[in-house]
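Just below is one structure, and these are the notes that go with it.
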Amino acid sequence: MPAPVRRPRRRLSQPREQVLAAAMATIAADGLDGLTMAGLGREVGMSSGHILYYFGTKDELLLQTLQWSEEQLGAERRAALSRRLPPRERLDALIDLYLPDGHRDPRWTLWLEVWNRSQNADDETRERQLDLELAWHRDLAALLVEGISHGAFRPVDAERFATRTRALLDGFGTHLVVGLPGTDREQVRAHVREFLDESLSLPPVLPPGTTAAP
15 MPAPVRRPRR RLSQPREQVL AAAMATIAAD GLDGLTMAGL GREVGMSSGH ILYYFGTKDE
75 LLLQTLQWSE EQLGAERRAA LSRRLPPRER LDALIDLYLP DGHRDPRWTL WLEVWNRSQN
135 ADDETRERQL DLELAWHRDL AALLVEGISH GAFRPVDAER FATRTRALLD GFGTHLVVGL
195 PGTDREQVRA HVREFLDESL SLPPVLPPGT TAAP
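Numbering (the numbering used here), first residue to last: 15 to 228.
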């Protein structure tokens, strides 16, 4: 019997990009409730079965959409961190990119949904989600180390400080994206700036012969 003819594997990058971009646009316009396989298929000219062929499940579609979104934002974050600016200004830029724009921010809406679904996910899926979070952690910790080494920040344990800062941002970010009454982006930014000032600012240099007030 002749060997079966191997069909060339289809190039998935282009249709995958189209589906992920359309999914993100749908979440931005209509929220997660508006994201259906059938509606997404109509947006990109595919059947819902065709989309499932690429992604398997809606959970996988959501996670890959989040990964795609974070790839775009990661490029923007790396560009901001590479600018020739003082470490504190770059830290403020990173914080601005981290926080949601406001109520129903699509990226954060997607993050919350993936977090929620990960309760029932397997270890491999949770590891993929963790990789997305660790990309932010690594960049934040590296910036802290740089600022400390250049004398711009008070010496702190960069890894521990980055972990605590992300927890602070996640808490405030969740309040913002769900639209908690009395919370707006400028208030959150002010709280975060105050925390960073208190934690990272260097003590004032005193004139010779003087001591700090008790």
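For every residue, glycine included, the Cβ atom is placed at its ideal position computed from N, Cα and C.
Going along the chain, which residues of its own chain have a beta-carbon closer than 6 Å to the beta-carbon of Ala172, five neighbours each way excluded?
-> On the sequence shown, position 158 is the one that residue 172 refers to. Within the same chain, Ala172 has close Cβ partners Ala155, Leu158, Val159.
Looking at the unbroken alpha helix (DSSP H) that takes in His64, where does it start and where does it end?
-> As a first step, residue 64 must be located in the sequence shown, where it is residue number 50. Per DSSP, His64 belongs to the alpha helix (DSSP H) from 62–69.
Reference Ala149, options Glu138, Arg180, Trp122, closest by Cα | As a working note, residue 149 is residue 135 in the sequence shown. For the residues Glu138, Arg180, Trp122, the minimum Cα distance to Ala149 belongs to Arg180.
Glu85 versus Gln133 - alpha carbon distance = If you number the sequence shown from 1, residue 85 lands on position 71. If you number the sequence shown from 1, residue 133 lands on position 119. Cα-Cα distance, rounded: 24 Å.
Contact between the segment 41–48 and the segment 107–123 (3+ Cβ pairs under 8 Å) | yes
Is it true that the CB of Leu49 sits closer than 8 Å to the CB of Asp37?
-> In the sequence shown, counting from the first residue as 1, residue 37 sits at position 23. In the sequence shown, counting from the first residue as 1, residue 49 sits at position 35. In the sequence as displayed, the identity of residue 37 is Ala instead of Asp. Contact flag set, yes.
Taking the alpha carbon of Phe175 as the point to measure from, which residue in Leu190, Phe209, Gly187, Arg203 has its own alpha carbon closest?
-> On the sequence shown, position 161 is the one that residue 175 refers to. Here the closest residue by C-alpha is Phe209.
Val202 to Thr188, Cα distance in whole Å?
-> Start at 1 with the first residue of the sequence shown, and residue 202 comes out as number 188. Start at 1 with the first residue of the sequence shown, and residue 188 comes out as number 174. Roughly 11 Å separates the two Cα atoms.
Heavy atom of the ligand SAH less than 7 Å from the Cβ of Thr139, yes or no?
-> Ligands are entirely absent from the displayed structure, and the ligand SAH is therefore not among its contents.
Between the CA atoms of Gly59 and Asp137 - distance to the nearest angstrom = One-based indexing of the sequence shown puts residue 137 at position 123. One-based indexing of the sequence shown puts residue 59 at position 45. Rounded to the nearest angstrom, the two C-alpha atoms are 33 Å apart.
State yes or no: is the C-beta of Leu182 within less than 8 Å of the C-beta of Trp125?
-> Numbered from its first residue, the sequence shown carries residue 182 at position 168. Numbered from its first residue, the sequence shown carries residue 125 at position 111. Not closer than 8 Å, so no.
Kindly indicate which three-state DSSP category Arg102 falls into: helix, strand or coil?
-> Start at 1 with the first residue of the sequence shown, and residue 102 comes out as number 88. Helix at Arg102.
Of the choices Gly161, Asp198, Thr177, whose alpha-carbon is the least far from that of Ser215?
-> For the purposes of this step, residue 215 is identified with residue 201 of the sequence shown, where counting begins at 1. Of Gly161, Asp198, Thr177, the residue nearest in Cα terms is Gly161.
Does the Cβ of Arg25 have 16 or more other Cβ atoms within 10 Å, making it buried, or fewer, making it exposed?
-> Locating residue 25 in the sequence shown gives position 11, where the first residue counts as 1. Low confidence applies here, because Arg25 scores a pLDDT of 43, under 50, leaving its location unreliable; read the following figure in that light. Counting Cβ neighbours within 10 Å, Arg25 comes out exposed, since fewer than 16 surround it.
Arg152 versus Arg92, Tyr68, Trp82, residue with shortest Cα-Cα distance = Taking the first residue of the sequence shown as position 1, residue 152 is located at position 138. Out of Arg92, Tyr68, Trp82, Arg92 has the C-alpha closest to the C-alpha of Arg152.
Since Tyr68 contacts Arg30 with CB under 8 Å, what's their CB separation in whole angstroms?
-> Within the sequence shown, numbered from 1, the residue matching residue 68 stands at position 54. Within the sequence shown, numbered from 1, the residue matching residue 30 stands at position 16. 6 Å between Cβ atoms; contact.
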